[in-house]
Amino acid sequence: MTRQLLALGRRQMLEIQPVDINHVVSGMDRLLRHTLGEDIELVTVLGERLPRVTGDAGYLEQVILNLAVNARDAMRKGGKLSIVTSRVPEQREVHLRHAGEKPDDFVLLSVRDTGHGMTPEVQRQAMDPFFTTKEKGEGSGLGLAVVYGIVKQFGGHVELESAPETGTEVRVFLRVSAEQNPLEAVTDAGPSPHGTETVLVVEDEELVRMFIVRILSGAGYRVWEAANGVEALERYESRIHSVDLLFTDMVMPQMGGRDLVRRFRGTRPELKVLYTTGFAHEAVSGTDRAGAPDPILLKPSTQETVLQKVREILDHR
363 MTRQLLALGR RQMLEIQPVD INHVVSGMDR LLRHTLGEDI ELVTVLGERL PRVTGDAGYL
423 EQVILNLAVN ARDAMRKGGK LSIVTSRVPE QREVHLRHAG EKPDDFVLLS VRDTGHGMTP
483 EVQRQAMDPF FTTKEKGEGS GLGLAVVYGI VKQFGGHVEL ESAPETGTEV RVFLRVSAEQ
543 NPLEAVTDAG PSPHGTETVL VVEDEELVRM FIVRILSGAG YRVWEAANGV EALERYESRI
603 HSVDLLFTDM VMPQMGGRDL VRRFRGTRPE LKVLYTTGFA HEAVSGTDRA GAPDPILLKP
663 STQETVLQKV REILDHR
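Add 362 to a position in the sequence shown, counting from 1, and you land on the number used in the working numbering.
So this is what it looks like as structure tokens:
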């Protein structure tokens with residue numbers, strides 16, 4: 363609590379230096395899964411070749427943990443928490459403090475939940491340390507206020523987007539460090555696996571779906587997409603014989619991945635499938651036509667891992 367209050371007051375001694383935000387996020391995976399519990403799926407998508415940001419690794423961990431705890435408290439009946447790092451799109455409107463700042467000056471850390479969301483009134487007060495929606499005994503309620511205080515010290519910005527019953531997304535804009543280690547520049551490790559087959563991607567988390575579609579399209583695949591199992595059936599059931607691989611999340615609203623596979627295989631038993639999930643205990647998936655388990659890809663996964671797994675499945679048999 364003392365550390366959080368100091369962060370809020372912007373008076374603590376910080377070790378500000380170039381920080382690899384992807385390293386910070388990936389290093390917290392076990393802690394975050396323990397914090398969230400078994401009923402909340404954690405999905406992490408790490409951007410490729412991100413520059414280092416200005417910050418303190420310990421306090422950036424505090425930022426992520428505070429946002430995760432807030433999200434957990436908003437998903438009492440379970441849900442999904444997505445943590446995504448990326449460059450800021452050129453068209454993205456950023457609330458910049460100083461004239462001349464541009465999207466390239468920042469790396470975006472997005473934390474999104476599927477919880478109960480906030481009303482406009484609550485959003486307006488969410489960064490206020492004297493405001494809380496928590497009941498007595500449920501914690502300090504300083505989560506977002508501390509995040510705001512820490513990020514501002516690093517020269518960054520925080521945006522909040524939420525609506526009742528639709529969840530909340532907190533976007534943290536971290537300033538790119540002027541000091542980039544040239545020895546850590548990413549080298550070309552050779553061409554990534556590629557192909558021209560048709561892949562149907564079914565994923566309810568939009569940011570994750572966009573990530574998968576982008577990397578598969580970039581590798582030459584023809585990619586169709588749907589946000590859930592019901593949409594996939596409505597749009598593609600009549601064209602399932604044109605699909606070479608079904609790439610589907612296991613846990614989705616309305617219709618999950620297993621049920622979707624059963625429906626599609628009723629028409630096309632030989633359909634190849636790749637499941638993805640953020641739940642480690644979902645390790646046992648369905649089976650293919652030969653009775654062998656369908657492969658499953660645990661989230662988070664790197665671009666290279668996704669491409670290699672897709673190519674491996676398409677080349678099998």
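Yeah, the Cβ is synthetic: ideal placement off N, Cα and C, and Gly gets one too.
Where does the unbroken alpha helix (DSSP H) through residue i begin, and where does it stop?
i           : result
residue 474 : Premise fails: residue 474 lies in the beta strand (DSSP E), 468-475, not in any alpha helix (DSSP H).
residue 664 : Here residue 664 belongs to no alpha helix (DSSP H), and DSSP marks it neither H nor E.
residue 424 : 419-436
residue 383 : 383-389
residue 595 : 591-598
residue 404 : Looking at the DSSP string, residue 404 is not in any alpha helix (DSSP H); the run it does join, the beta strand (DSSP E), is 402-407.
residue 623 : 619-629
Does DSSP put residue i in a helix, a strand or coil?
i           : result
residue 672 : helix
residue 683 : Nothing can be reported for residue 683, as the shown portion of the chain is limited to 363 through 679.
residue 606 : coil
residue 611 : strand
residue 440 : coil
residue 380 : strand
residue 677 : helix
residue 450 : coil
residue 394 : helix
residue 506 : helix
Whose C-beta lies closer than 8 angstroms to the C-beta of residue i among residues of the same chain, with five residues either side of it excluded?
i           : result
residue 615 : 566 and 590
residue 606 : 559, 560, 561, 634 and 676
residue 499 : The predicted model places residue 499 with a pLDDT of 36, which falls under 50 and marks its position as unreliable; any figure quoted below should be read in that light. For residue 499, where only same-chain residues beyond five positions count, there are no Cβ hits under 8 angstroms.
residue 413 : 469, 538, 539 and 542
residue 390 : 423, 426 and 427
residue 577 : 665, 668 and 669
residue 583 : 556, 557, 558, 559, 560, 561 and 672
residue 384 : 408, 409, 412 and 447
residue 599 : 625, 626 and 629
Keeping to the same chain, check which residues put their C-beta closer than 6 angstroms to that of residue i; ignore five residues upstream and five downstream.
i           : result
residue 450 : 465, 468 and 470
residue 518 : 535, 536 and 537
residue 602 : 626, 629 and 630
residue 474 : 444 and 531
residue 513 : 520 and 534
residue 401 : 440
residue 528 : 479
residue 476 : 441, 442 and 529
Hey, quick one: how far does the beta strand (DSSP E) through residue i stretch, first residue to last?
i           : result
residue 481 : No beta strand (DSSP E) holds residue 481; DSSP gives it neither H nor E.
residue 634 : 634-639
Just confirm the distance between the C-beta atoms of residue i and residue j, as a whole number of angstroms; I'd bet it's less than 8 angstroms.
i           : j           : result
residue 657 : residue 636 : 6 angstroms
residue 555 : residue 665 : Residue 555 to residue 665, Cβ: 11 angstroms. No contact.
residue 684 : residue 571 : What the structure shows of the chain is the stretch from 363 to 679, and residue 684 is not part of that stretch, so it cannot be assessed.
residue 381 : residue 419 : 5 angstroms
residue 563 : residue 575 : 6 angstroms
residue 436 : residue 478 : 5 angstroms
residue 472 : residue 569 : 7 angstroms
residue 516 : residue 417 : 5 angstroms
Suppose the cutoff is 7 angstroms on Cβ atoms and the five residues either side in sequence are ignored; what does the same chain contact list for residue i look like?
i           : result
residue 387 : 406, 408, 426, 445 and 447
residue 661 : 405, 406, 638, 639 and 640
residue 410 : 665
residue 597 : 588
residue 485 : 522 and 524
residue 673 : 555 and 557
residue 398 : 404, 430, 434 and 443
residue 379 : none
residue 585 : 561, 563, 575, 578 and 579
residue 481 : 526
Kindly indicate if chain B contains any beta-carbon less than 8 angstroms away from that of residue i.
i           : result
residue 532 : Within the model displayed, chain B is absent; a lone protein chain is all it includes.
Review point. Counting only runs that start and end within the region 512-585, where is the beta strand (DSSP E) found for 3 or more residues in a row?
Key: For the region 512-585, the full-length beta strand (DSSP E) segments reaching 3 residues or more read 519-525, 529-537 and 560-564 along the chain.
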